[in-house]
Amino acid sequence: MKLLYQTHSPYARKVLVFAHEARLAADIQVTKQTKQTKQTKQTKQTKQIQADPSPETTSALFDSNVICEYLDTRHQGRPLVPREGEARWQALRIQAVASGLADVGIAVRWETTRRPETLRYPELSANLSRKLVESFDWLERELDVDVDGKDNDEDGGGPITITITPLKP
């Protein structure tokens, strides 16, 4: 398998982490691309990462969620994403929130650093940052994050809160 990868892409990193967790990383040939604007003929068809097809498929796979689902069918261990029941729906809800976090995080970066300062819209940046905080709060509740193993708030809410500390007003 080949993975077209941009180092700044949270979606590509997700696929690589998933591949490592599934013990498939050694089977993947990673092709790093430095800029999205420097697309090759091979990548013009899609703006997402791609995994070349296996002998059983006839076309490339794209979208990190689809690639991870494919990888989950290719390894020998138990599925990394539950296949049925409430555990599956909980995993998919968390996956959806995580994808939303990546989307909004990218938008915040563009709005606060990449876009020329004269074209930035501070209210949009503030609203996007609020969405990040709300999503991280939801994840903390759903995942019951607790760093020190005690049922208290002394640890500041755990790794998810640590991630968003710079975003808080």
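In full-length UniProt numbering, the protein residues as written are 1 to 169.
No residue lacks a Cβ here, since even glycine has one placed at the ideal position from N, Cα and C.
As the structure is a computational prediction, the values presented were derived from the model and not from experiment.
- Non-local C-beta neighbours of residue 103 in its own chain, meaning closer than 6 Å and more than five positions away in sequence, are absent.
- Following the DSSP letters along the chain, one finds residue 30 inside the beta strand (DSSP E) bounded by residues 29-33.
- If you check the CB distance, residue 75 and residue 126 do not come in under 7 Å.
- In the DSSP assignment, residue 128 falls within the unbroken alpha helix (DSSP H) covering 122-143.
- Where residue 95 is concerned, the enclosing alpha helix (DSSP H) starts and stops at 85-109.
- In chain order, 111 and 112 place their CB closer than 8 Å to the CB of residue 120, counting only its own chain and leaving out the 5 sequence neighbours on each side.
- The Cβ atoms of residue 28 and residue 3 lie closer than 7 Å to each other.
- Rounded to the nearest angstrom, the Cβ distance from residue 64 to residue 15 is 5 Å, consistent with a contact under 8 Å.
- Looking at the backbone, the Cα of residue 83 and that of residue 89 are separated by about 9 Å.
- Apart from the 5 residues on each side of it in sequence, residue 101 sits with its Cβ closer than 7 Å to the Cβ of 132 and 135 in its chain, given in chain order.
- In this model, residue 107 and residue 117 are separated by some 15 Å (Cα to Cα).
- Taking a C-beta distance under 7 Å as the contact criterion, residue 91 and residue 81 qualify as a contact pair.
- Apart from sequence neighbours up to five positions away, the residues of its chain that approach residue 79 with a beta-carbon distance below 6 Å are 72, ordered along the chain.
- In the structure shown, residue 81 adopts coil according to DSSP, grouped into three states.
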